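Structure record follows, encoded as structure tokens.
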Amino acid sequence: LLAGAVVAVTPVAALMFRFNNPDALLTLLLTAGAYAMLRAVESGKTRWLVLAAALVGTGFLAKMLEAFVIVPVFVLVYLFAGRPRVLRRIKQLFIAGVTLVLASGWWVAVVELWPSADRPYIGGSQNNSLLTLIFGYNGFGRLTGNETGSVGGLGAIGARWGLTGWNRLFLAEFGGQISWLIPAAVLMLVACLWLTRHAPRHDAIRASLALWGGWLFLAGAVFSFSQGIIHPYYSIALAPPIGALVGIGASMLWRHRSLLFARLVLAGAVLVTAAWSYVLLDRSPNWNPPLKTAILILGLLGAGAIVALPVGWRRVPIAAAALGVLVALLGPAAYTLDTVTTAHSGAIPSAGPAILASTAGPRAGIGAGPGGQGGFGAGPRGQGGLGAPPGGRFSGGANPPQAGRGFLNATQPGSQLVAMLKSNAAQYHWVAATVSANSAAGYQLATDDPVMAIGGFNGSDPTPTLAQFESMVNAGQIHYFISGGGRMGTGSGSTGGEITTWVSQHYAAVTVDGVTIYDLTAPSS
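First residue of the sequence shown? That's 549 in my numbering, and the numbers climb one at a time after it.
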């Protein structure tokens, strides 16, 4: 029950389970896979291993290789703690491995075997290959920073995707999203492993601790040291192990509360949670200022009550437990309440209130809004950020910050431009074309008509080619070209840049609502 409550009030979990994004589904599938794996440890039945592998494999279909980060943990836990003999455990894991490949690979096989001319372009790759996308842009490139077609990120100190290192999850960009109970979870994990040091090899509690602890440390290390594209909402994958470790640890230590060691660990967990909550809340000094002080005071009272359990009156245990739970959940619950009562938009949402720019780290300086998020490359009020044309805007932005906003929001064109795009729209396959999906999305939503996204999500995919675009224009399929879309796709040598140059050389530009637009049905003389 406590584990579920921790996950429910984790800000990034509350955000992403209400958002249109695959991370929520990935987290659900991995959590279900962990349950199946623990049932396999308890029973030794192959069917539970097969189910765990199938769930993780389906997680791959949700978010590719991120689903496989926890696979080594699952394998090692079953090898060490599984009930059957070692050779049977290896055989069972082999069967599970085959299941994993089948569950995750069938779609890859279908796409790779299908003729590329008869299917959509594989967005995010530079060569129309799903394997390149899996192992490159969406795979090892996230670790190394070598991501052709990315919007940026070098992985070094001060790089676009932020500082890397063991403390990344505690810095301003990630801290308020996920880190509230990480110190307490780690402390209780170590203590409980010590308490179970003499347990049998297949002890279910120790296996649970190893699985959830391994998940937290391995996934946390990947997020902390990844040099490529990474966003704070990825950390939702850490919510289940944090919740499980807090739930298991608190329950186990409470059962051993007659031991001074257990009481000291529980008291330490309460104190470190109260102190860390104070730090996180202090990053938003104008948001509910009394809350951080109240949590600190309650933490001191709760820790004192826990240590004093043997000498206190009979209601002390109830008071100590209540204060401990209150301290653990009050800070993230307040953040979560702010999150669920605030509208969020854009491709990169952020939970909780706005934080001070001075605490947001180097990435916040790049047009960042709340929590180091906001209009990437945006000027005052987010004008002309990434994916926004001149005159377009992001709903978030850096000056002033607006809580609940995200970065990479769709453009919001003016009424005159919308009316122009909708004029005779039924006569065209595409009412307009522009570089990048983020730029095209706003126009398509505003007009309710198809708008071509040249270059895919970032505008950096080499599709359509200039020759293909010319052919569609000559066939009368596209009415307008909107300039000023995704900046990644308009540079020299890029397909988007070639198309932009060709259009500007052959068609006359007009400005509508501050946006440069070309009528592709009227070549300039």
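For every residue, glycine included, the Cβ atom is placed at its ideal position computed from N, Cα and C. Predicted, not measured: the structure shown is a model, and the values here were computed from it.
- Between residue 804 and residue 810, the C-beta spacing is below 8 Å.
- Residue 1023 and residue 1042 have their C-alpha atoms roughly 24 Å apart.
- DSSP, read as helix, strand or coil, puts residue 714 in coil.
- Residue 782 counts as buried, since at least 16 other C-beta atoms from the protein chains shown sit within 10 angstroms of its C-beta.
- Around the beta-carbon of residue 662, fewer than 16 other beta-carbon atoms lie within 10 Å, marking it exposed.
- Annotation: residue 761 to residue 556 spans about 19 Å, alpha carbon to alpha carbon.
- Leaving aside the five residues that flank residue 972 on each side, the residues in its chain whose CB is nearer than 8 Å to its CB run, in chain order, 1027.
- If you draw a 10 Å sphere on the C-beta of residue 964, you find fewer than 16 other C-beta atoms in it, and that means exposed.
- At the C-beta level, residue 1011 and residue 562 stay beyond 8 Å of one another.
- Residue 596 and residue 852 have their C-alpha atoms some 44 Å from each other.
- Looking from the CA of residue 737, the closest CA among 770, 792, 776 belongs to 792.
- Under the DSSP assignment, residue 1067 falls in the beta strand (DSSP E) whose first and last residues are 1063-1071.
- Here residue 1028 carries a strand assignment [DSSP, helix/strand/coil].
- Annotation: residue 598 to residue 586 spans about 12 Å, alpha carbon to alpha carbon.
- Taking C-alpha positions only, residue 717 is separated from residue 780 by approximately 9 Å.
- Considering only 677, 581, 637, the residue with the shortest C-alpha distance to residue 592 is 637.
- Counted as a single uninterrupted DSSP element, the stretch harbouring residue 736 is not any beta strand (DSSP E) but the alpha helix (DSSP H) occupying residues 730-743.
- Counting only the Cα atoms, residue 730 lies some 9 Å from residue 794.
- With 16 or more other CB atoms across the displayed protein chains lying within 10 angstroms of its CB, residue 892 is buried.
- Under the three-state reduction of DSSP output, residue 1057 falls in the strand class.
- For the 8 Å CB-CB criterion, residue 735 and residue 817 form a contact.
- The DSSP assignment places complete alpha helix (DSSP H) segments of no fewer than 4 residues inside the segment 581-665 at 594-611, 619-629, 634-661, in order along the chain.
- Leaving aside the five residues that flank residue 632 on each side, the residues in its chain whose CB is nearer than 8 Å to its CB run, in chain order, 592, 640.
- Residue 835 carries a coil assignment under DSSP once its states are collapsed to helix, strand and coil.
- DSSP places residue 553 in the helix class (H, G or I) of the three-state scheme.
- Counting only the Cα atoms, residue 757 lies some 25 Å from residue 647.
- Under the criterion of beta carbons closer than 8 Å, residue 608 and residue 652 qualify as touching, at roughly 4 Å.
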